[in-house]
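Here the structure is laid out as structure tokens; the discussion comes afterwards.
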Amino acid sequence: MSVVSVEEEIQAEAPSVLRRPDGSRMVRRSRPWLTALRMLVLIAAAIFFLLPVVWMVLTSFKLPGEYMHRPPIWIPENPVLNHYRMAFDDKGRIALTNSIVVATSATVLSLLVGTLAAYSISRLGTGGKHLSVWVLSQRMMPPVVVIVPLFLMLRDVGRINASFGLDTRFALIAIYTAFNLPFIVWMMRSYFDGVPIELEESAMVDGCTRLGVFWRIALPLALPGLIATGTFAFIFSWTEFLFAVVLTRTEAFTLPVAIAGYTGSQGSNYGQASALAVVATLPVFVLSLLVQRHFVRGLTLGAVRG
Amino acid sequence: MLVLPAILIVLALAIYPLVYSLWLAFHQWDLQTPGHPFVGLDNFSGALGDDRVWVALKNTGVIVTVGIFFEFIVGLGLALLLVDTVHIRRILLPIVMLPVTMVPIVVGLTWRMMWDNQYGVVNALLRIPFGNDLNIVWLGQTRTAIIAMIVTQVWQWTPFMFLIMLAALSSVNPDLYEASALDGAGWGRQLLDITLPAIRPIIVVAVLFRALDAFKIFDLVYMFTQGGPGTSTETISWYIYQVGFKFFRMGYAAAVSYLVLILLSILATLYVAAFVRGREA
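Pasting the structure below:
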């Protein structure tokens, strides 16, 4: 997957000032109509991408009389917090707890297992050749393809021990861990590859063990990468819907399942759904802003470094 | 040793289900038939002759190709326009990251409200030029439902293309533009002769990733139309889900899944052969 050449990588990693010296591009920047066009496009794009989100947030503070109104009422006259209160009294609280427990556990577990594997592949070359095939084939496979066997497996497991079967947090954690793994191994290997091996060699000469080197040198140096990769794993587990809706029922359902549950052909409780939706959107958005620098790299499995 | 836990997890939760699924595909596993008799290739031949499979594949194909076409054009256009700016980009980046990180179900919820024929924002905006009588039942009609789905996809994923194209454009060597400007090349020449060839490998990767993800579309179908009206918005993921968990025909669902996997492998191989290998040769 070395689509981007080394030089391009170095350039992409350099601060943005260096990338844009005053060359021919400077000429273009000085045209007033171009600046005007850019401002126009910026405003149009901002409205297009923000408007639906704004509508959702506002809906969460409106009573049905206001969100079901023609023409639409944008700013609620008497904003209410009912929907948030009710969302947290009800299924919402269970869903939020489940989502937090499931996404966090799956992220931590897959980071633990995946980072070790990635380090081993990066430094000792174990099975590194098959890694890309594995990662890509998993990326390619629609999750629906394994949903039937997973459902039947969990049903059988549940008959032996109900706390590991269908409708348990354990089941979701295990599946999300497995689905996070290829991505984590792939990304962490690329971050470990960026840690100079000389540092580790000298530490080993000084008597550090392989695991000690991993823990004291490689991991701290790859920490920004670890945090970014973990964020992506968290986002995947947090936003996943298909597994959650098929494999849970009344106990282990997560936020997306609860939100979908508020809408139906018989009429929807958009106020409460929107309140939960806001709760589901905020943490992921804040996390992604924190790892903004690694965002493009994560989106493209490291093929592009933004 | 260090890779062992990873291998065990993948064996149990990724490889084993696939093997199990293969077994299922050769057996009749449903609620009517007692036991799970071996039926050979019946499930596969049934799937190949199943109109709903083909309709679902067609719908998925339309959503993927039309959606990615617009995502790419708009994403690249925005990136070209803003690559030389610093301040404008800084304002826009957090805004565009919002759709990409949103829970797809939340996107479905939000846009379901937007498309509502009575109270939705889309029709309200359209009523400004077209008059108050306008009442498009977006999600209730065959043709408009799939348009709504594509527009929503484009809304969520154009930022993905934009962010990647922006990164790609910033990595093009500025000296190239300077040299070609000295040679008298205009903006259009530079785009065709310098920019596009330079970022081509990244375009290939971005389109591939988007296509693989878009092919899985399920959550939007669930929130918008549940496949309807009729089967007009049924995607392949939705159909497999229906076969498995509404009709409880697990063997058949497994067979359709395998056909989809085979189809995807062929398409991905052809794509890679056409765009990736071709470049290196």
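Protein sequences, first through last, are from chains A and B. Under my numbering, the first residue of the first sequence is numbered 1275, with each subsequent residue one higher. Under my numbering, the first residue of the second sequence is numbered 61, with each subsequent residue one higher. All residues carry an ideal CB built from backbone N, CA and C; glycine is no exception. From a predicted model like this one, the values you see are computed outputs, not experimental measurements.
**Prompt:** Looking at the unbroken alpha helix (DSSP H) that takes in Phe1559(A), where does it start and where does it end?
**Reply:** What you label residue 1559(A) is simply residue 285 of the first sequence in a count that begins at 1. Start and end: 1544-1564.
Within-8 Å CB hit, Thr1537(A) to chain E
Protein chains A and B are contained in the structure displayed, whereas chain E is not.
With a cut-off of 8 Å on the beta carbons, I'd call Gly1439(A) and Tyr1465(A) a contact; round off their distance for me.
Taking the first residue of the first sequence as 1, we reach residue 1439(A) at position 165. Taking the first residue of the first sequence as 1, we reach residue 1465(A) at position 191. The pair is not a contact, with the Cβ atoms about 36 Å apart (cut-off 8 Å).
* Evaluate the contact criterion for the segment 108-123 of chain B versus the segment 289-309 of chain B: three or more CB pairs, one atom per stretch, below 8 Å. => Flag = yes, the segment 108-123 of chain B and the segment 289-309 of chain B touch.
Nearest-angstrom Cα separation, counted from Trp171(B) out to Glu1351(A) = Along the first sequence, one-based indexing puts residue 1351(A) at 77. Along the second sequence, one-based indexing puts residue 171(B) at 111. Roughly 23 Å between the two C-alpha positions.
For a contact meaning CB atoms closer than 9 Å, what does Trp171(B) contact in chain A? Position 111 of the second sequence holds residue 171(B). Near Trp171(B) (Cβ distances below 9 Å), the residues of chain A are Pro1326.
Under 8 Å between C-beta atoms, does Phe1562(A) make it to chain B?
To locate residue 1562(A), count along the first sequence from 1; it is residue 288. The residue asked about is misnamed: residue 1562(A) is Ser in this sequence, not Phe. With 8 Å as the cut-off, Ser1562(A) counts as an interface residue toward chain B.
- Chain-ordered neighbours of Trp215(B) on chain A, where CB pairs are closer than 9 Å: Indexing the second sequence from 1 puts residue 215(B) at position 155. Residues of chain A passing the Cβ test: Phe1322, Phe1323, Pro1326.
- [ ] Hey, could you find the ends of the alpha helix (DSSP H) Ser1334(A) is sitting in?
- [x] On the first sequence, residue 1334(A) is found 60 positions in, with the first residue counted as 1. Ser1334(A) -> no alpha helix (DSSP H), and no H or E assigned at all.
| query | So with Cβ pairs under 8 Å, would you call Thr1513(A) a contact of chain B? | reply | As a working note, residue 1513(A) is residue 239 in the first sequence. Interface residue, yes.
Decide if the segment 91-108 of chain B is in contact with the segment 64-79 of chain B; the criterion is three or more beta carbon pairs, one per stretch, under 8 Å apart. Touching, no.
**Report entry** Enclosing alpha helix (DSSP H) for Tyr318(B) [first to last residue]
**Finding:** As a first step, residue 318(B) must be located in the second sequence, where it is residue number 258. It spans 310-332 - the alpha helix (DSSP H) in which Tyr318(B) sits, taken as one unbroken run.
Return yes when the Cβ of Val232(B) is within less than 8 Å of the Cβ of Ala266(B), no when it is not.
Here residue 266(B) refers to the residue found at position 206 of the second sequence. Here residue 232(B) refers to the residue found at position 172 of the second sequence. Contact: no.
How many Å lie between Val1409(A) and Gly1388(A) at the Cα?
-> Residue mapping note: residue 1409(A) aligns to position 135 of the first sequence, counting from 1. Residue mapping note: residue 1388(A) aligns to position 114 of the first sequence, counting from 1. Here the alpha carbon of Val1409(A) sits roughly 12 Å from the alpha carbon of Gly1388(A).
Exercise. Please determine, among Ile1395(A), Ile1491(A), Leu1324(A), Val1570(A), the residue with the shortest C-alpha to C-alpha distance to Leu64(B).
Key: Against the second sequence, residue 64(B) aligns to sequence position 4. It is Ile1395(A) whose Cα lies nearest to the Cα of Leu64(B).
Whole alpha helix (DSSP H) elements within the segment 1423-1474 of chain A, 4-residue minimum
Note on the segment 1423-1474 of chain A: whole alpha helix (DSSP H) runs with a minimum of 4 residues are 1443-1467, in chain order.
- Query: So with Cβ pairs under 8 Å, would you call Gln1546(A) a contact of chain B?
  - Reply: By 1-based counting over the first sequence, the position of residue 1546(A) is 272. No, Gln1546(A) lies away from the interface with chain B (no Cβ there is under 8 Å from its Cβ).
Practice problem: Flag Ala228(B) as yes if its beta-carbon sits less than 8 Å from any beta-carbon of chain A, otherwise no. | Solution: In the second sequence, residue 228(B) corresponds to position 168, counting from 1. Ala228(B) counts as touching chain A.
Check the DSSP bridge columns for His87(B) and list the partner residues they point to. Indexing the second sequence from 1 puts residue 87(B) at position 27. Checking the DSSP bridge columns, you'll see His87(B) partnered with Phe98(B).
message = With H, G and I counted as helix, E and B as strand and the rest as coil, what does DSSP make of Gly1504(A)?
response = Indexing the first sequence from 1 puts residue 1504(A) at position 230. Gly1504(A): helix per DSSP, three-state reduction.
Please look up how many angstroms separate the CB atoms of Ile69(B) and Leu1455(A), rounded, as I've assumed it's under 8 Å. In the second sequence, the residue the question calls residue 69(B) occupies position 9. In the first sequence, the residue the question calls residue 1455(A) occupies position 181. So it is a contact: roughly 6 Å between Cβ atoms.
contact_flag[the segment 146-157 of chain B, the segment 235-243 of chain B] where n(CB pairs < 8 Å) is 3 or more
Judged by Cβ distances under 8 Å, the segment 146-157 of chain B makes no contact with the segment 235-243 of chain B, as fewer than three pairs qualify.
Q. Taking Cβ positions only, does Thr1503(A) come closer than 8 Å to chain B?
A. To locate residue 1503(A), count along the first sequence from 1; it is residue 229. Not one chain B Cβ lies under 8 Å of Thr1503(A).
| said: Cβ closer than 8 Å: which chain B residues qualify as neighbours of Arg1443(A)? | reply: If you number the first sequence from 1, residue 1443(A) lands on position 169. By Cβ distance, chain B contributes nothing, its closest Cβ being about 15 Å from Arg1443(A), past 8 Å.
What residues from chain A crowd round Gln92(B), counting only those whose CB sits closer than 7 Å? Sequence index remark: in the second sequence, residue 92(B) carries index 32 (1-based). Those do not exist, as Gln92(B) stays about 17 Å from chain A at its closest Cβ, beyond 7 Å.
Comparing the C-beta of Val70(B) with each C-beta of chain A, is any distance below 8 Å? Numbered from its first residue, the second sequence carries residue 70(B) at position 10. Taking Cβ atoms only, chain A reaches closer than 8 Å to Val70(B), which makes this a yes.
message: Looking at Asp1441(A): is its Cβ nearer than 8 Å to the Cβ of Thr1524(A)?
response: Locating residue 1441(A) in the first sequence gives position 167, counting from the first residue. Locating residue 1524(A) in the first sequence gives position 250, counting from the first residue. Going by C-beta atoms, Asp1441(A) is nearer than 8 Å to Thr1524(A).
Q: Check the Cβ of Val1578(A) against every Cβ in chain B and list those closer than 8 Å, keeping chain order.
A: If you number the first sequence from 1, residue 1578(A) lands on position 304. Using a Cβ-Cβ cut-off of 8 Å, Val1578(A) is close to Ile224, Ala227, Ala228, Ile262, Val265, Ala266 of chain B, given in chain order.
key: Any 3 or more C-beta pairs closer than 8 Å across the segment 173-192 of chain B and the segment 1343-1361 of chain A   = In this structure the segment 173-192 of chain B lies against the segment 1343-1361 of chain A, because at least three pairs of beta carbons, one per stretch, are closer than 8 Å.
Under three-state DSSP, which class holds Lys118(B)? Sequence index remark: in the second sequence, residue 118(B) carries index 58 (1-based). In this structure, Lys118(B) counts as helix in the three-state DSSP scheme.
Practice item. May I have the straight-line CA-CA distance separating Met162(B) from Glu1475(A), to the nearest angstrom? Key: The residue you call residue 162(B) lines up with position 102 of the second sequence. The residue you call residue 1475(A) lines up with position 201 of the first sequence. One C-alpha to the other measures close to 43 Å.
Find the nearest neighbour of Gly1545(A) within the set Phe1515(A), Leu1337(A), Arg1305(A), judged by alpha-carbon distance. On the first sequence, residue 1545(A) is found 271 positions in, with the first residue counted as 1. It is Leu1337(A).
### Task
Could you please give the first and the last residue of the uninterrupted alpha helix (DSSP H) stretch that includes Trp351(B)?
Residue 351(B) lies beyond the residue range present for chain B, which begins at 61 and ends at 341; the question has no answer from this structure.
Query raised in the report: Out of curiosity, what's the CA-to-CA distance linking Pro1557(A) and Phe1506(A)?
Result: What you label residue 1557(A) is simply residue 283 of the first sequence in a count that begins at 1. What you label residue 1506(A) is simply residue 232 of the first sequence in a count that begins at 1. Pro1557(A) and Phe1506(A): Cα-Cα distance of roughly 12 Å.
Check: Measuring CA to CA, which of Pro1530(A), Arg1571(A), Val1376(A), Phe1569(A) is closest to Ala1551(A)?
Finding: Within the first sequence, the letter at position 277 stands for residue 1551(A). Out of Pro1530(A), Arg1571(A), Val1376(A), Phe1569(A), Pro1530(A) has the C-alpha closest to the C-alpha of Ala1551(A).
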